[in-house]
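Q:
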Amino acid sequence: MKRKNLGVNTICTHVGEVKDEQFKGAISPLYMSSSYAYEDVAVKRYPRYFNTPNQEALCKKIAMLEHTENALIFGSGMAAVSTAMLAFLHKGDHVVLPQTLYGGTYNFVVEEFGKFGIEYDFAEGFTEADFTSKIKENTKVIYVETPSNPLMLLTDLQMIANIAKPRGIITMIDNTFASPINQIPAQFGIDVILHSATKYMGGHSDICAGAVAASEEHIQTIWNIAKNLGGSLSDYTVWLLERSMKTMKLRVKAQNRNAKRMAKWLEAHSLVQQVYYPGLKSHPDHALAKRQMMGYTGMLSFELVPSIDTKKFMDALNLIKPSMSLAGVESTILSPAKTSHSLLSAEERGKQGISDGLLRFSVGIEEKKDLIADFERAFAAVTSEKLQTEQA
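Residue numbers for the sequence shown follow the working numbering, beginning at 23 and rising by one.
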């Protein structure tokens, strides 16, 4: 099947299926074997080689959604990120990254790269000058994350590609927060697209996985090290992920709508100091979001006014779950300072603009009125408690 002939929902539903030739079942059969024949076969299959029937098939779906030639799936988002980076970075090489990064990626860079003799610099902003000023003769990779976690800041992907290509630099993006439903980095010339497939691809908070999509040449380069690092995904989880991705566009579109409505509601609330969501006209990157995204995602962050205790506020929620991960069909909320960016020092978080009062809100598919009612109950609870404390 060719991409140009298929809509996104059709790709999600049908591409990457394993055909059930024996019983003609409607869904992919699950091949659990970890041992395959090696004599008189076209392909020597082995789970760590990323080429079992279920692994191979799912990669076709991810590649078609990302408009790339091929893909690989991994045991986690960080397995995908670390393997892809190490595939293109060697001793003496240099990488440029934005200052605002997912905490796990930031920690991997600052804690591990020195062991490999890899140099790195963080761009202090998102302009062309911010990135080009950090490029050196040995720069091999520019890595970006857009929208960023957790402040939803955007990087101009066309600008990054224009900087990198004439210099022969590989470009990488963590496309997790957008998903291929909302953003296609390959259309702007980005070379390697990464995902924590745990998030929007999985979408039900019951899968841990990662994905890389790129050209055949780049996938081969990544595979050469991936087979040695051993970050492959079990076939049962591969099967669950393929099942989950069938509804990805339906889920993400519903989450997009809810998030935009909730962002507007929160922005107008007297107890909310600031909302970070690229779908808002007040967001500094709103014009860029309109240009390079098809949807604004189901993720947003906001800061309460200083007088409100964020932990007490989250404890007062009933429907929205304080939870570590994101992008499930259920709405969740967390403090980045205590979770995704807890490995960073307070000073490092401050450089990224992540205050202790910042809350990240992953908007699910619930009814808007129910989410608002839950927030209103929590606001009422914390303000009532604060008033009683002051009166005492």
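Where a beta carbon is used, it is the ideal one built from N, C-alpha and C, also for glycine.
Computed from a predicted model, the values in this text were never measured in an experiment.
Among Glu-61, Asn-76, Lys-82, which residue has its Cα nearest to the Cα of Ala-236?
A: It is Lys-82.
Q: So, under 8 Å CB-CB, Ser-217 and Lys-158 are touching, yes? Tell me the CB distance rounded to an integer number of Å.
A: The residue asked about is misnamed: residue 217 is His in this sequence, not Ser. Not quite, the Cβ-Cβ distance comes to about 29 Å (not below 8 Å), so this is no contact.
Q: Quick one, which of Gly-190, Asp-152, Ser-170 has its alpha-carbon nearest Thr-161's?
A: Cα-wise, what sits closest to Thr-161 is Gly-190.
Q: Considering only residues of the segment 141-207, which uninterrupted beta strand (DSSP E) runs meet the minimum length of 3 residues and lie entirely inside it, listed in chain order?
A: As far as the segment 141-207 is concerned, its whole beta strand (DSSP E) runs of at least 3 residues are 141-145, 161-167, 192-196.
Q: To which residues does DSSP link His-116 through a beta bridge?
A: In DSSP, His-116 forms a bridge with Glu-141, Thr-161.
Q: Considering only heavy atoms of the ligand ADP, does any lie closer than 7 Å to the CB of Ala-403?
A: Ligands displayed in this structure: none; no statement on the ligand ADP is therefore possible.
Q: Roughly how many angstroms lie between the CA atoms of Gln-121 and Ala-48, to the nearest whole one?
A: Straight-line Cα distance between these residues: approximately 46 Å.
Q: Considering only C-alpha positions, which residue in the set Tyr-124, Val-37, Thr-193 is nearest to Glu-370?
A: That would be Tyr-124, whose Cα lies nearest to the Cα of Glu-370.
Q: Which of helix, strand or coil does DSSP assign to Asn-69?
A: Checking the displayed sequence, the identity of residue 69 turns out to be Pro instead of Asn. Three-state result, Pro-69: helix.
Q: Looking only at DSSP bridge pairs, what is Gln-296 linked to?
A: The partner list for Gln-296 (beta bridge, DSSP) reads Glu-325.
Q: From the DSSP secondary-structure annotation, give me the bridge partner or partners of Met-51.
A: Strictly speaking, residue 51 in this sequence is Pro, with Met absent from that position. Answer is none; Pro-51 lacks a bridge partner.
Q: Would you tell me roughly how many angstroms separate the C-alpha atoms of Pro-69 and Asn-246, rounded to the nearest one?
A: Going from the Cα of Pro-69 to the Cα of Asn-246 covers about 14 Å.
Q: Within 10 angstroms of the Cβ of Arg-313, are there 16 or more other Cβ atoms? Answer buried if so, exposed if not.
A: Looking at its Cβ environment, which holds fewer than 16 other Cβ atoms inside 10 Å, Arg-313 is exposed.
Q: At the level of alpha carbons, what is the spacing between Phe-96 and Leu-255?
A: Those two C-alpha atoms are separated by around 5 Å.
Q: So what does Arg-382 bridge to, in DSSP terms?
A: DSSP, once it has assigned bridges, lists Ser-323, Leu-356 as partnering Arg-382.
Q: With distances taken from CA atoms, which of Ile-192, Lys-286, Gly-224 is nearest Tyr-318?
A: Among Ile-192, Lys-286, Gly-224, the Cα nearest to that of Tyr-318 belongs to Lys-286.
Q: Is Phe-45 buried or exposed, if buried means 16 or more other CB atoms sit within 10 Å of its CB?
A: Answer is exposed; the Cβ neighbour count stays below 16.
Q: To the nearest angstrom, how far is the alpha carbon of Lys-303 from that of Met-54?
A: Whole-angstrom Cα-Cα distance: 49 Å.
Q: Is Ala-349 buried or exposed, if buried means 16 or more other CB atoms sit within 10 Å of its CB?
A: So Ala-349 counts as buried.
Q: Anyone know if the C-beta pair for Leu-262 and Met-223 falls short of 8 Å?
A: Cβ atoms of Leu-262 and Met-223: not closer than 8 Å.
Q: Enumerate in chain order the residues of its own chain whose CB-to-CB distance from Ala-414 is below 7 Å, with the five nearest sequence positions on each side excluded.
A: Only weak support is given to the placement of Ala-414: the predicted model assigns it a pLDDT of 49, under 50, and the value that follows is read from those uncertain coordinates. Excluding sequence neighbours, Ala-414 sits near nothing in its chain.
Q: Alpha carbon to alpha carbon, what distance is there between Leu-356 and Tyr-165?
A: About 26 Å.
Q: Can you list, in chain order, the residues of its chain whose CB lies under 7 Å from that of Gln-374, leaving out five sequence neighbours each side?
A: Contacts found: Gln-121, Thr-122.
Q: Could you check what DSSP says for Val-37 in three-state terms: helix, strand or coil?
A: Val-37: coil per DSSP, three-state reduction.
Q: Could you tell me the distance, in whole angstroms, from the CA atom of Leu-111 to the CA atom of Phe-144?
A: Straight-line Cα distance between these residues: approximately 16 Å.
Q: Should Thr-149 be labelled buried (16 or more other beta-carbon atoms within 10 Å of its own) or exposed?
A: It is exposed - the Cβ of Thr-149 has fewer than 16 other Cβ atoms within 10 Å.
Q: With the cut-off set at 8 Å, would you say Phe-153 and Ile-185 are in Cβ contact?
A: Closer than 8 Å, so yes.
Q: Tell me whether Thr-216 sits in a helix, a strand or coil according to DSSP, three-state version.
A: For clarity, residue 216 is Leu in the given sequence; the question names Thr instead. The answer is strand: DSSP assigns Leu-216 an E or B state.
Q: Return the first residue and the last residue of the alpha helix (DSSP H) that Lys-63 is part of.
A: Looking at the sequence itself, residue 63 is Val, so the reference to Lys does not match. Here Val-63 belongs to no alpha helix (DSSP H), and DSSP marks it neither H nor E.
Q: Helix, strand or coil for Gln-413 per DSSP?
A: In this predicted model, Gln-413 has a pLDDT of only 47, less than 50, meaning its place in the structure is not dependable enough to derive any value.
Q: Could you tell me the boundaries of the beta strand (DSSP E) in which Ala-235 lies?
A: Here the beta strand (DSSP E) through Ala-235 covers 232-236.
Q: Residues in the same chain with beta-carbon distance under 7 Å from Ala-338, minus the five sequence neighbours each way, listed in chain order, please.
A: Excluding residues within five positions, the ones whose Cβ falls inside 7 Å are Arg-399, Ala-400, Ala-403, Val-404.
Q: Which whole-angstrom value is the C-beta distance of Ile-203 and Ala-106, which I expect to be below 8 Å?
A: Ile-203 to Ala-106, Cβ: 21 Å. No contact.
Q: Do Val-351 and Gly-301 have their C-beta atoms closer together than 8 Å?
A: Their beta carbons are not under 8 Å apart, which means Val-351 does not touch Gly-301 by this criterion.
Q: On a CA-only basis, which of Val-214, Val-37, Pro-169, Leu-272 is nearest Met-86? Give me that one, please.
A: For the residues Val-214, Val-37, Pro-169, Leu-272, the minimum Cα distance to Met-86 belongs to Val-37.
Q: Quick check on the DSSP output: the beta strand (DSSP E) that includes Phe-96 runs from which residue to which?
A: Run containing Phe-96: 92-96, per the beta strand (DSSP E) assignment.
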